[in-house]
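Letter by letter, the sequence shown follows residues 2 to 475 of my numbering.
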Amino acid sequence: MKISTIITSKTKDTKEKLKPKQIILKILAKASIFVGVFAFWILIWQLIYNGVGKDVIVPSPYNTWARIKELVATQEFWEITWDSVKRILLGYLCGVGLGLFLAVVTYTSKFLYVLLKPLISIARATPVASLTIILVVWVTNQKVPLFIVGLMVFPIIWANTYEGIKNTDKKLLQMSKSFSVGGLKRLFHIYFPSVYPYFIAGASTALGLAWKSGIAAEILGSTQNSVGQQINDAKVMLDSEGKFAWTIVVVLLSILFERALVLLLKHTSLHIPLRAKSSEAKEELSGKRGFVIGRGISKSYGKNIVLSDVDVEVQAGEVLALRGVSGAGKTTLLMILSSLLKKDKGKIEKEGGVSFLFQEDRLLPWLTAKENILYVNNQADVKALLRLVSLADAEDMYPDELSGGMKRRLAIARTLAGKGEVVFLDEPFTGLDEELREETSEKVFDYLKDRAVILITHDSEEAKRFATKELYIG
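Here it is, written out as structure tokens:
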């Protein structure tokens, strides 16, 4: 099933606005299609009934409808249906909770993954009938459906959620680490939005399975006062009308709850707004002192030597231009200095945190321009930073509403907002036109004049203009 998911508060009116008359005609067209399809299958049912000619095998649509009306008119019908709904939904919620919990623990621990994966696979592969027979011995008949539904649901939720966590953008997580963003922020603003589409796909699939397995468990487990018991009794009494009527009730309930869940999830937002925190003693980050010194830094991948005994040093107020041919290891060196990558050998001495502008923008697509900045520092002066990079009117825009150059400038503004006393700029002005590049670079280096800065650039003029010293590697 394909599910469209809203994971932010963002709304974009991409559809053409329709007039009231057009809307009514559209609704009538859809309704007529539905009625036509429904009528077709009722006709097929009637033809099968006429062909078989035995009510005990296939009842007529009319008699089945009459039985449904008769059932719905009784209080017993609603009590029985409600009891089944409660059991199935409770089992479903338990399965969802267990699946989410196991997805987190098996992802964070390889040992637990290896240990629990076989059990999860067994639970997923074991037929409902076999599990029901086993559970009847261990729990009461009334609880059998609850356990069965939970056991059917949790492997689906586990698999989808685990896949969502595994496919969370590692570059966004790396960006968060470089700015020393806390665990809760990463959870709420990276993991949740990334995993959400996987989760709702699994949740809707699991809900359909919950109804099938729950009713089957009620039948096999002889659960009293249940829809499954009514279907089983109708089978024993050769009451085909009752059997069909209760089956239709189950199908309708399944469709109703699945549609309700999809509708709920489509209109549920995981977007948690990021707001600036007011502080009387606001930090003047540009006045802090920091430095980074690396001695004998080496890094290789197998036989491929990327860095060999590289020395690097930059103090507060200095700009070191790091130059070299493509593939010389410039970005690798910055990753090592910022503790995002382990060195093979060498020694690093550092004071102060790091703010890192990567070659890629690494913006969070579900956050506005303002929120992308507040993500790394919720005391940042967002308006001033956006003005500095000529994005004053983009505060409430999302990354996919920005051009490539605007995204790059937003990434620059976010880096300037970072609390790091040491700043790494990896080809910071790539994608900007000449005039904007010159204007932005002047403002950026003026803003960073008190910090320790390492600049990766291929532009020799840029290096001469802003750097206090150079280091060529490769």
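For glycine and all other residues, C-beta sits at the position ideal for the given N, C-alpha and C.
Just so we're clear, the structure is a prediction, and the values are computed from it rather than from any experiment.
By the criterion of at least three beta-carbon pairs nearer than 8 Å, the region 193-204 is not in contact with the region 234-248. As the crow flies, the alpha-carbon of K55 is around 22 Å from that of E71. Around the Cβ of N373, a 10 Å sphere holds 16 or more other Cβ atoms; the residue is buried. The three-state secondary structure of Y399, taken from DSSP, is coil.
The C-alpha of R276 lies about 7 Å from the C-alpha of N379.
Counting along the chain, the unbroken alpha helix (DSSP H) around A370 starts and ends at 370-377. Under the three-state reduction of DSSP output, L221 falls in the helix class. Annotated three-state conformation of A261 is helix, per DSSP. In the DSSP secondary-structure assignment, A453 is bridged to V423. Nearest in C-alpha terms to L449, of all of A393, E436, V150, V355, is V355. One alpha carbon belongs to T248, the other to L103, and they sit about 34 Å apart. For N305, the enclosing beta strand (DSSP E) has its first and last residue at 305-315. Of the other Cβ atoms in all chains shown, fewer than 16 fall within 10 Å of the Cβ of H459; this residue is therefore exposed. DSSP places L433 outside both helix and strand once states are collapsed to three, so it counts as coil. Around V137, the same chain offers V145, G222 as residues with beta carbons nearer than 7 Å, after the five sequence neighbours per side are excluded.
In the DSSP assignment, I349 falls within the beta strand (DSSP E) that extends over 346-352. DSSP lists R324 as the beta-bridge partner residues of Y473. Its chain contains I191, Y192, S195, V196 as the residues whose beta carbon lies nearer than 8 Å to that of T169, once the 5 sequence neighbours on both sides are disregarded; these appear in chain order. Pairing G295 with A453 gives a Cβ-Cβ distance that is not under 9 Å. Closest in alpha carbon position to I273, among L368, I89, S301, is L368.
Remark: fewer than three beta-carbon pairs, one from each stretch, lie closer than 8 Å, so the region 58-76 and the region 118-132 are not flagged as touching. Counting only the Cα atoms, R363 lies some 21 Å from R388. By the Cβ test, the region 433-440 is in contact with the region 397-410, since at least three Cβ pairs between them sit closer than 8 Å. Under the DSSP definition of a beta bridge, F292 partners with E352.
Residue environment: Y302 is assigned as exposed (fewer than 16 neighbouring CB atoms within 10 Å of its CB, all protein chains considered). For a cut-off of 8 Å, the C-beta gap from K331 to G297 is around 17 Å, too long to register as a contact.
Your pair L338 and V293 checks out as a contact, with CB atoms roughly 5 Å apart and the cut at 8 Å. In the structure shown, G183 adopts coil according to DSSP, grouped into three states.
Distances from the alpha-carbon of V383 to those of A414, G406, S205 put A414 closest. With distances taken between CA atoms, F78 lies nearest to V250 out of K465, K278, V250, V424. Sixteen is the threshold: when 16 or more other Cβ atoms of the shown chains lie within 10 Å of the Cβ of T82, as they do, the residue is buried. The Cβ atoms of E352 and A370 do not sit closer than 9 Å to each other.
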